[in-house]
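Quick notes on the structure that follows.
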Amino acid sequence: MEFTKPRGTRDFLFDEMEKRKEVEKILRNTFENYAYREIKTPLFEDLKLFTTKSGEEIVEQLYNFEDKSNREISLRPEITAPVARLYLNELQKVAKPIKLYYFGSCFRYERPQKGRFRQFWQFGCELIGAKSPEGEAEVIAMCNDSLERLSIKTADININHLGIIRGLFKHFNIDFETQRKIMVIIDKGDKELLRESLNGNNPVTSNDELNEILLKLIDIIGDKNVLKDIENLLSKYEETNDALNEFKQLIKSLESFKVHNYTLNLGVARGLDYYTGIVFEVYIPELGTQKQVCGGGTYSLIKIFGGEEIESTGFAFGFDRLMNALEELKDEKENKSNIEVYIAPISNDTRQISFKIAQNLRENNIITEVDLSRKKFKKLLNHANNLGARKVIVVGEDELKNNQVAIKNMDSGDQELVNIDKIVSYIKED
RNA sequence: GCCGGGGUGGGGUAGGCGGUUAUCCUACGGGACUGUGGAUCCUGCGACUCGGGUUCGAAUCUCGGCCCCGGCCCCA
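Numbering (numbering that gives the first Met the number 0), first residue to last: 0 to 429.
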């Protein structure tokens, strides 16, 4: 074969697109139900937009290039930064809070593996300028709602408040560089590595008291009852009070928003310093190594791009991983075709009338296929069967003399004569 | 960027210590069957990922590229 698709990309065929559209529809309905409205940003942006947000190191994971006027351009690796840019360009004077959502593909030059592609889709949202625990709670509620509507029951939402650990850093006067190192290690979720990094031969910080608290903190995972443990642990560090209070309010609001399926997990972190409030991640254990299907949190990103200080809470689903999860979790139900009616003209003389019947059905939103290949009648039934059509309309001369056609139910094999004028109502009734 | 396993008709596969025409299933086309499907039979179409090497001879052995599947790194 001459051409193959580029590494890490995929073609989607009919059945798969059908499923993806269904998921997309559910997510759109959910987000719009919470009064979010859709935006769309370019597939490529100035390279600087992404390096400013994430550092020069990410260039090696970007699809970047110089355009014909020597502009440094990059395909977008995510949509948060473009949204922040859009906000600065267009939305600064719009009444807050602003709710927006997006769905589009992103590009990363990475090694493909399970749940990771070079072109992939993100479905995400931003709540801009509503920094409050209840704002964060509603965002999480919408995330939870999305998963429920997709019938994903094994998803686990892990929530943390980074203000807590930042309060500790402040208390112990930890410099930014060290903070960042610790955050990165916590983010990895590797407790052994953390222990080694704090207590080993070459510790990132020599503050024993801090180390001990950190090691205890990241072990705290559980439902809202672990709040007490956290409070006990932090009672003497008043720099953590504000964050802890916000955290408690968040949890209270979560209950009001009817979110019960969540885990408080002080081990969820982010390596980047613009996260200011809660962070959360959703895992689906069945997915294996790339089990994270969603990440989000509250951050102050816009200031980095030169805007006024404003906080935003958002998250994005890895759309392809959601699809993987649904595939993984689906119960064995057969892939039913959506073709409702197949029209089989018995002879060449009945073709034209068959097309008229087809158009009539389609005008009534009945998914209809009609033979266009001039196959023999027997083959037509075979084909209709392979397509999974529910009903076949047999258009033959004998019946047409009485202004009738035969409609065959492909499940039962039964067949009835129906007047041509009654076809639509006959199909709809069934 | 690193480590492993792979790549045979459209889809799924057998063969693999080199040796005639590369196996089977399925799909697709035609037919047995002049207007009734999922069956049967016949028949047609159609493949060794690419390039170099070893050899009289490579799907098979060897090296490299590309791609796929796992995993590591990374994950904004």
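Beta carbons are placed, not taken as given, at the ideal position from N, Cα and C, and that holds for glycine.
Any idea which residues DSSP pairs Lys390 with across the strands?
Val340, Asn408
What separation, rounded to the nearest whole angstrom, lies between the Cα atoms of Ser208 and His170?
Residue identity differs from the one stated: residue 208 is Glu in this sequence, not Ser. If I take the Cα positions, the gap works out to 11 angstroms.
Does the distance from the C-beta atom of Ile301 to that of Leu99 stay below 9 angstroms?
no
C-alpha gap between Gln358 and Asn63, whole angstroms
48 angstroms
Go ahead and pull the three-state DSSP assignment for Asp413.
coil
Nearest-angstrom Cα separation, counted from Lys390 out to Val183:
59 angstroms
Quick check on the burial criterion: 16 or more other C-beta atoms within 10 angstroms. Buried or exposed for Ile392?
buried
Should Gly270 and Glu280 be called a contact, given that it needs their Cβ atoms to be closer than 9 angstroms?
no
By how many angstroms is the C-alpha of Lys20 removed from the C-alpha of Lys235?
52 angstroms
How close, in whole Å, do the beta carbons of Leu369 and Ser353 come, if the pair is a contact with beta carbons under 8 angstroms?
Just to set this straight, residue 369 is Val in the shown sequence, not Leu. With 8 angstroms as the limit, Val369 and Ser353 qualify as a contact, their Cβ atoms being about 6 angstroms apart.
So, using beta-carbon positions, are Leu214 and Leu193 closer together than 9 angstroms?
yes
Do Glu245 and Pro132 have their CB atoms nearer than 9 angstroms?
yes
Using a Cβ-Cβ cut-off of 7 angstroms (strictly less than) and excluding sequence neighbours within five positions of Thr51, which residues of its own chain qualify?
Ile303, Phe304
Using only CA atoms, which one of Asn323, Leu161, Gly162 lies nearest to Lys113?
Asn323
Coarse secondary structure for Glu125, derived from DSSP in three states:
strand
Taking just the CA atoms, how far does Tyr273 sit from Glu428?
58 angstroms
Can you tell me whether Glu331 is buried or exposed, with buried defined as 16 or more other CB within 10 angstroms of its CB?
Here the model assigns Glu331 a pLDDT of 44, short of 50, so the residue's position is not dependable, and the following value carries that caveat. Exposed.
Report the three-state DSSP secondary structure of Lys98 (helix, strand or coil).
strand
In this structure, does DSSP put Asp218 in helix, strand or coil?
coil
What's the C-alpha gap between Phe30 and Ala140?
11 angstroms
On the three-state DSSP scale, how would you describe Arg6?
coil
With C-beta atoms as the reference, is Asn337 less than 9 angstroms away from Glu23?
no
Using beta-carbon positions only, say whether Leu126 and Val138 come within less than 9 angstroms of one another.
yes
Closest by CA to Cys142, which one among Gln289, Gln403, Gly317, Lys377?
Gly317
Report all residues from its chain with a CB closer than 8 angstroms to the CB of Ile422; omit the five preceding and five following residues, and keep chain order.
Ile356, Asn359, Leu360, Ile392, Val404, Ile406
Measuring alpha carbon to alpha carbon, tell me which of Phe122, Phe116, Gly128 ends up nearest Lys94.
The sequence given here has Ala at residue 94, not Lys. The candidate whose alpha carbon is nearest that of Ala94 is Gly128.
Three-way DSSP call (helix, strand, coil) for Ser234 in this model
coil
Thinking C-beta only, is Thr262 closer than 9 angstroms to Asp222?
yes
Check each candidate in Gly395, Ser205, Leu386 and name the one with the smallest Cα separation from Phe13.
Leu386
By a C-beta neighbour count over all protein chains shown, 10 Å radius and 16 as the cutoff for buried, is Pro81 buried or exposed?
buried
Please say whether Phe43 and Arg75 have beta carbons closer to each other than 9 angstroms?
yes
On the criterion of 16 or more Cβ atoms from any shown chain inside 10 Å, does Ser68 qualify as buried, or is it exposed?
exposed
Which word fits Asn159, buried or exposed, when buried means at least 16 other C-beta atoms lie within 10 angstroms of its C-beta?
buried
Buried versus exposed, by CB contacts within 10 Å (16 or more), Ile287
The residue asked about is misnamed: residue 287 is Gly in this sequence, not Ile. The residue in question, Gly287, is exposed, as its Cβ has fewer than 16 Cβ neighbours within 10 Å.
Just checking my contact of Gly313 with Thr40 at CB under 8 angstroms: how many whole Å lie between their CB atoms?
With a Cβ gap of about 14 angstroms, Gly313 and Thr40 do not count as contacting.
Classify Ser346: buried if its beta carbon has 16 or more other beta carbons within 10 angstroms, exposed otherwise.
exposed
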